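Working notes, beginning with the structure itself.
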Amino acid sequence: MIVSASRRTDLPAFHARWFLDRLGNGFVDVANPFNAAQVSRVDLRPEAVDALVFWTRLPSRTMLDALPSLEREYRSVWMVTITGMNRVMEPGLPGLAEQSARFRELARLLGPERVIWRFDPVIAVQGHLERPLELFRRVAGELRGHTFRVIVSLLDPGRYKRAVKRTRAALDERGVTAPLLDLAAPEHAGKLARLADGLVGLAREHHLEIQSCASPVDLAPHGIPSGACIDPALLNRLFGLTLPETPDPGQRTHCNCAPSKDIGSYNTCSFGCRYCYATR
């Protein structure tokens, strides 16, 4: 069993002590996010967990200090999101220097193959297509040599409408009034190609394998194959597992992640990122 900790919140940043307590007790009860009365118990004993997959933007000092002890009983892979955006869009996060320093510390503790960079979301604005490439270049330079893979995810204006509305408001606050682009729309195929080509070139320059996450449009023709954040092939290779390479049917369309048990709760992250779908 893979334990996802967590797509629904930044558990390593805000709930590390709770998580370590649950590991000590060997289980956690998780409410269905769409039906709070439906509660399931997830076995957290080491013998029941093939691997832990952590999702974070900034692992807390508590989490980092506990990691060497945690590694004696559990195996983990980390998905670390860094976008390089400004404080208007990501008001609760420190600057890029601190974010990248935490990333590099994780990589030194675990090795670059176990710490994956997520560049998510890629926000495309009419007349500002160079902006995501500038951000990618900055972050890639900070992380160079500390990871082997980057996973990119396009902002999908047709999904998570509340988050898109907040993103629009944040852009307006910065004086960016041009429209958000739906890069899955056929009329923007040329813009999508230019952006994808730029990302591929930058990834190659920084020796990064690049993949897409649950993309509403096929990026493979542009050199960005569809990937999986919870990647069974990677977990099998790293830890000698035999996980089947079949997608989790409970995840959104186009997601290739392996089946897992998520132990987080929505609306419990305090970073306040304006584009986030997991908080109201």
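In my numbering, each number is its position in the sequence shown, counted from 1, plus 1012. All residues carry an ideal CB built from backbone N, CA and C; glycine is no exception. Just so we're clear, the structure is a prediction, and the values are computed from it rather than from any experiment.
- For the pair Pro1124 and Phe1066, the CB atoms are not nearer than the 7 Å cut-off.
- Per the C-alpha coordinates, the member of Cys1269, Arg1150, Tyr1278, Leu1255 positioned closest to Asp1062 is Leu1255.
- In the DSSP assignment, Leu1192 forms a beta bridge with Val1137.
- A residue is called buried once 16 or more other Cβ atoms fall within 10 Å of its Cβ, and Asn1044, having fewer, is exposed.
- Across the set His1218, Val1176, Leu1023, the C-alpha of Leu1023 shows the shortest separation from the C-alpha of Arg1073.
- For His1200, the CB contacts under 6 Å within the same chain, skipping 5 residues up- and downstream, are Leu1193 in chain order.
- Ranked by how close their Cα comes to the Cα of Arg1084, the residues Phe1046, Arg1069, Glu1059 have Glu1059 in first place.
- Ala1226 sits away from Arg1020, with the two beta carbons spaced by 7 Å or more.
- Within the stretch 1141-1202, the complete beta strand (DSSP E) runs of at least 3 residues fall at 1161-1166.
- According to the DSSP assignment, Thr1074 belongs to no beta strand (DSSP E) but to the alpha helix (DSSP H) extending over 1073-1082.
- The beta carbons of Gly1235 and Val1212 sit about 4 Å from each other, so the pair counts as a contact at 8 Å.
- By the criterion of at least three beta-carbon pairs nearer than 8 Å, the stretch 1118-1138 is in contact with the stretch 1092-1099.
- Excluding five sequence positions before and after Ala1049, none of the CB atoms of its chain fall closer than 6 Å to its own CB.
- Going by beta carbons, Tyr1287 and Thr1179 fall inside the 7 Å limit.
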